[in-house]
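Worksheet: one structure, shown below.
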Amino acid sequence: MAVLALGASARAEDPVDAYDARLEEIAREVEAIRQELEAVAREVAWAGMAEAFVFVEKPDPAWRETGVVVVVDGTPVASHTFLPEEWSLLEKGIAVEVARVWVAAGEHRVWLGPAGAEPGDPAVLEAAAARPVAWVAAAGDEGVRWRAE
1 MAVLALGASA RAEDPVDAYD ARLEEIAREV EAIRQELEAV AREVAWAGMA EAFVFVEKPD
61 PAWRETGVVV VVDGTPVASH TFLPEEWSLL EKGIAVEVAR VWVAAGEHRV WLGPAGAEPG
121 DPAVLEAAAA RPVAWVAAAG DEGVRWRAE
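Everything in the sequence shown is counted per the working numbering, starting at 1 for the first residue and increasing by one.
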């Protein structure tokens, strides 16, 4: 019995096991540091930027055939053709994402309309630095109404 106990004790103090345990501990510490550095880098790199998600909440019926184009500050940034499943969601009043773009923080002129159409008067929407924003479009009798969330 004493021999077995001594054998187990010797294995517990095995330098290889202690080394492996220390390596695992260091790996966890390095991963934590990596995550912190990644968060800081993201803040520094994107401090003057915002990610804008563009949604359609209420479509113009013509968009079913034409799809839509998103224009930000005079530049077309996305086009989207609605799938039948997406159109079904829109008919139920559920918003559908049509674009995701990175923009500089500040005010932007945003237009959404049928693909192939000449852009009309844009809406002025705000994007805060280092924060995501949702720009939601709803077609109506007086054109597209926007809100930012």
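In this text, a Cβ means the ideal position worked out from N, Cα and C, and glycines have one as well.
Asked                                                                                                                 : Found
Buried/exposed call for valine 103, threshold 16 Cβ in 10 Å                                                           : buried
Beta bridge counterpart(s) of lysine 58 as assigned by DSSP                                                           : Ala138
Spatial neighbours of alanine 99 in its chain, beta-carbon cut-off 6 Å, leaving aside the 5 residues before and after : Val54, Val70 and Ala78
Completely contained beta strand (DSSP E) runs for the segment 22 to 69, where each covers 3 or more residues         : 49 to 58
Range covered by the beta strand (DSSP E) that runs through proline 76                                                : 75 to 80
Through-space distance from tryptophan 87 to alanine 138, alpha-carbon basis                                          : 14 Å
For proline 114, three-class secondary structure by DSSP                                                              : strand
CB contact flag (alanine 127, histidine 108, <8 Å)                                                                    : yes
Between the CA atoms of histidine 80 and lysine 58 - distance to the nearest angstrom                                 : 15 Å
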